[in-house]
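So the protein sequences, as listed, match chains A and B. For the first sequence, our numbering begins at 401 and goes up steadily by one. For the second sequence, our numbering begins at 17 and goes up steadily by one. We treat Cβ as the ideally placed atom computed from N, Cα and C, and that holds for glycine. Note that the structure is predicted; figures quoted are calculated from it, not measured. Written below as structure tokens is the structure these notes are about.
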Amino acid sequence: MTTTGAMALETGEPIDFDVMRRERFQRTLESMERHALDVLLLAKPANVKYVAGSRSLWTASRRPFSPSAVVIRERAEFHLMSLWDHGVPRSVPKERLFPPSWNPLNLMETVTRIVGANRRGRIGVDLMSPLFASLLAEAFPQASVVDGAKAMGEARAVKTAEEVDCLRTATAIAEAALTEAIAALRPGVTERSLLGVFLRRATDFGVTAPAYQGGFCVQPRDREAAGGDGGRATPPMRQMSSPRPVQSGELVAMGGGVHYAGYESDVGRTWLCGDAGRSSPRAQAQRALYRRWVEACRAMAEQCRPEKTAADLRRAFQKTELLPETPIAHGAGLGFEPPMVGVDLGVEVDEASVLQAGMVLVLQPYVWEEGVGGFWAKETVLITSQGHERLTTLPHGPLAED
Amino acid sequence: MSLTPAVFETGRIDFPRMRRQRHQRLIEAMDRNDVDVLILANRANVAYATGAMSLLTDSSRDFYQPTMAIVVRDGSTPYLFTPYPEGVPPDFPQDHVRGPLYPEIEEGVRQMAQVWKSLLGPALNGKVGIDDYTPAMMTLLPELLPQATPVNPAPALSQARIVKTPDEIECLKIAQRINDDAMYDVLPALRPGVRQTELTGIFLQRIMELGATGNHVDPIWMVVPNRLQDGPHMLLEDLAFPLPTTDRILREGDTIMVDTGIEYMGYASDFGRTWLCSLDPRPPQRLIEQFKVWREVSLAVQDAARPGNTGGDVTRAALKATGGRKAWLKQFYIVHGMGLDSAEAPLIGTSLGPEFDESIVLAPGMIMVIEPCIFEDGVGGYRSEDIVAVTEGTPEPISGFPYTPFEV
């Protein structure tokens, strides 16, 4: 299927959310079994969404740990801390809803009631705070509290067909918003104004909150303008939009993320501001930089097939480029997901991330040339049994013209 | 109609002084609570300790690419670990800035523990308060740092952050001003047929033009049902608020509860008003009566917002104004604080109970976001928010948007 618009509700091929939720929960239970988990106590919004399919209020960054969903493997059921059924799928029985509370003691009492008599097993958690660690130990003295993030990560890594449809829709929306920002790019526009245009256009498609606050940033041309390089070959790329006006001839890295049904699309392009004269030495150097990025991204994409690892992507990039501080690729699904490719933890960590059909990766290499600046763009790919499929469609504008 | 973009008035804020004073408060609180080392991953805590700005993201990115900080009780310069070098304050000592840490990944936790050991040495053998544990940290840190005694860092952090320095209050005023100003563009767009998400779009674009550094919460434009049974199934006998925004089409006669929060240099705003969606937005008598009660409660709480008063004094003042009826939502509070988080201490009137309320003693520099909600089943409801800073004398107003279409 292709991407969905609002009219698909009546006549199109809407995404079957019931099927998606059932398959996700099934994958959760199977993963719990592989990891010998009896209970999952989940606090991270993306994990709660994966298990329960509920939509709760989006808030930025993180909140201190508080259990929001409880999965009981034996009974194959989940329970949700939600005061109301607004945003909760109809298939969730009302008696599975429990009130959240400011009072940690009330919350622990609720968790204890949900878990019931069998309190000896393994309880997986996806986050923890010192206060809840001691409350949990008190309430479940015979249970062991263990890593629940691995099981959730495994379940979420491979996307179902419906999840991929959500990602396609999210990508279409994010590209629409980015297209609008590209149209607004002209000398004198501020970085923050471009961000504002992006955020507003996304709301035309029913998006209420961004996946992250996009970056619309002129990339510095040399080390000095970048404020130093922190001892790296590639100075850090700018990611935080400022009130600075963009000038003609500057390279602007523009990108942002939107959510559709919780699924993130993360798009990015570097665009040239204004018409600085195509034959000038600067313009030629910018196009050469773009071609380096194309080569690096193509080399990484070639590795995007089952059985390859994140380390293969890393090595492909390193054939022609030096690693920047930002990851050169990351997973995507219900928000930002692992793996983070090419970070400072060594190639062994990347070796351990084996690609499988159904994974979705955002390739985001950043290339740099002293005196010219930085070029960064994102391509989202779905790993298929044969190789990969590109989900993003936007071109690269004037820089791509010969 | 709109006022001057507030971002250009930053000459009033001395950021280096703000960071020094916050650090001082943190060190004092560590001393009081006997904490030797704080290791912080929560974005607001890190910003408090170091002044580091970071890209505002949803939680999933924040977990994988956090800013982190270490604060040592001896008062030495904190350490900052950040994926956003551009967000490091210009005067922050560069030799205390490091690249990002990866606490979600086991190898990342091993590397992290190694880095901490090399930076801190024997200080790590004391009482170490970590605000958030990833499962990898929970599993590995006990063996990687066997000498450290884990303690709960929350009391020290809360005690430091609850009282704002004068520069922090200026930041909060600017954040609130940007938020208030943006509403002069949103309110005229509220008419029959507009979608909730369209209001969000106008709002987000406008705050960016006005100098916001981010948006904290999905803006809320909730249609208030007149009867509880017309709202969603609710576990408490009270109004289901706040229901997240959708592309719902607003209709003539809808009562809209608005709640938004943006940030300026990390500091939050909180905007709460009740509006009417109508071609002729004149409030009906039933809502005018509720607004009057709401106003009485807010003023009573402002009267009680004096140093030395307790949270209990605040709830009693609110109850007295309504003749004993609890005029705030069961799931929330009559008052919350605001700072680097949009809802933080002091929380007054929550399910933590009267004893907890009594333990809160108001002091100059505390922020009180006062949010009574007057709802009556079958009638409807009114809710807005007034924000004040506690001073030695009369509380200082932080919020200033009119109550349109209601008149004081």
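| task | Within 10 angstroms of the Cβ of Phe-24 of chain B, are there 16 or more other Cβ atoms? Answer buried if so, exposed if not. | result | With a pLDDT of 42 at Phe-24 of chain B, under the threshold of 50, the modelled position of that residue is not reliable, and no figure is offered here.
| task | Would you mind giving the Cβ-Cβ distance between Ala-320 of chain B and Ala-333 of chain B, rounded to the nearest angstrom? I have them listed as a contact below 8 angstroms. | result | 4 angstroms
| query | Assuming Phe-307 of chain B contacts Asn-195 of chain B under a Cβ cut-off of 8 angstroms, what Cβ separation, rounded to an integer in Å, is found between them? | reply | The beta-carbon separation of Phe-307 of chain B and Asn-195 of chain B, rounded to 21 angstroms, does not stay under the 8 angstroms limit for a contact.
| Straight-line CA distance for Pro-162 of chain B to Leu-156 of chain B? | 10 angstroms
| query | Relative to the alpha-carbon of Asp-438 of chain A, which residue among A:Ala-551, A:Arg-623, A:Ile-415, A:Phe-532 has its alpha-carbon at the smallest distance? | reply | A:Ala-551
| Backbone secondary structure at Glu-374 of chain B - three-state DSSP | helix
| request: Measure the alpha-carbon distance for Val-726 of chain A versus Val-743 of chain A and round it to whole angstroms. | output: Looking at the sequence shown, residue 726 of chain A is not Val but Thr. Roughly 7 angstroms separates the two Cα atoms.
| query | Between the Cα of Val-113 of chain B and the Cα atoms of A:Tyr-690, A:Tyr-663, A:Ser-534, A:Gly-630, which residue gives the shortest distance? | reply | A:Gly-630
| query | Taking the continuous beta strand (DSSP E) assigned at Gly-774 of chain A, which residues delimit it? | reply | Boundaries of the beta strand (DSSP E) around Gly-774 of chain A: 773 to 776.
| request: Classify Cys-293 of chain B as helix, strand or coil using the three-state DSSP reduction. | output: strand
| Can you give the Cα-Cα distance for Ala-379 of chain B and Val-330 of chain B, rounded to whole angstroms? | 13 angstroms
| field | Gln-613 of chain A at chain B interface by Cβ criterion, 8 angstroms | value | So, interface residue.
| query | With 16 other CB atoms within 10 Å as the buried threshold, where does Glu-371 of chain B fall? | reply | exposed
| request: Label Arg-399 of chain B either buried or exposed according to how many other C-beta atoms from any shown protein chain fall within 10 Å of its C-beta, with 16 as the threshold for buried. | output: buried
| request: Could you say which of B:Leu-292, B:Asn-242, B:Thr-150 lies nearest to Val-210 of chain B if we only look at CA atoms? | output: B:Leu-292
| query | Of all the CB atoms in chain B, is at least one closer than 8 angstroms to the CB of Met-401 of chain A? | reply | Below a pLDDT of 50, predicted positions are generally treated as unreliable, and Met-401 of chain A, at 41, falls in that range; no measurement from the model is reported.
| task | Assign Pro-158 of chain B to buried or exposed, taking buried as 16 or more other Cβ atoms, counted over all protein chains shown, within 10 Å of its Cβ. | result | exposed
| query | Along chain A, in chain order, which residues have C-beta atoms closer than 9 angstroms to that of Pro-299 of chain B? | reply | Simply none; closest approach about 26 angstroms.
| Interface flag, Tyr-149 of chain B vs chain A, CB-CB below 8 angstroms | yes
| field | Beta-carbon contacts of Arg-35 of chain B that lie in its chain and below 6 angstroms, excluding the five residues immediately before and after | value | Gly-67
| Counting pairs of Cβ atoms below 8 angstroms between the segment 238 to 258 of chain B and the segment 486 to 500 of chain A, do you hit three or more? | yes
| query | Is the distance from the Cβ of Glu-123 of chain B to the Cβ of Val-749 of chain A below 8 angstroms? | reply | In this structure, Glu-123 of chain B sits near Val-749 of chain A, with a CB-CB distance shorter than 8 angstroms.
| said: Are the CB atoms of Pro-388 of chain B and Ile-3 of chain B within a distance shorter than 8 angstroms? | reply: Since the displayed chain B opens at 17 and closes at 424, residue 3 of chain B lies outside it and no answer follows.
| Across which residues does DSSP place Ile-55 of chain B in a beta bridge pair? | Bridge partners of Ile-55 of chain B: B:Ile-86, B:Ile-146.
| In terms of residue numbering, what span does the alpha helix (DSSP H) encompassing Leu-206 of chain B cover? | No alpha helix (DSSP H) holds Leu-206 of chain B; DSSP gives it neither H nor E.
| query | Three or more C-beta pairs closer than 8 angstroms, one from the segment 763 to 778 of chain A and one from the segment 676 to 693 of chain A: is that the case here? | reply | Because the criterion of three Cβ pairs below 8 angstroms is met, the segment 763 to 778 of chain A and the segment 676 to 693 of chain A touch.
| query | Between the segment 90 to 104 of chain B and chain A, which residues of the former have a C-beta closer than 8 angstroms to a C-beta of the latter? | reply | Pro-99, Tyr-100, Pro-101, Glu-102, Gly-103
| So, is the C-beta of Val-23 of chain B closer than 8 angstroms to a C-beta in chain A? | Low per-residue confidence applies at Val-23 of chain B: pLDDT is 43, beneath 50, and the placement is therefore not dependable enough to give any value.
| query | Under the rule that 16 or more other beta-carbon atoms within 10 Å means buried, what is Gln-639 of chain A, buried or exposed? | reply | That one is buried.
| query | Could you give the residue range of the alpha helix (DSSP H) that holds Gly-553 of chain A? | reply | 549 to 557
| Partners in chain A for Pro-258 of chain B, counting only beta-carbon separations shorter than 8 angstroms | Contact of Pro-258 of chain B with chain A by beta-carbon distance below 8 angstroms involves Leu-457.
| query | Residues bridged to His-249 of chain B by DSSP? | reply | Its beta-bridge partners do not exist; DSSP assigns none.
| Where does Leu-585 of chain A fall in DSSP's three states? | Correct three-state label for Leu-585 of chain A: coil.
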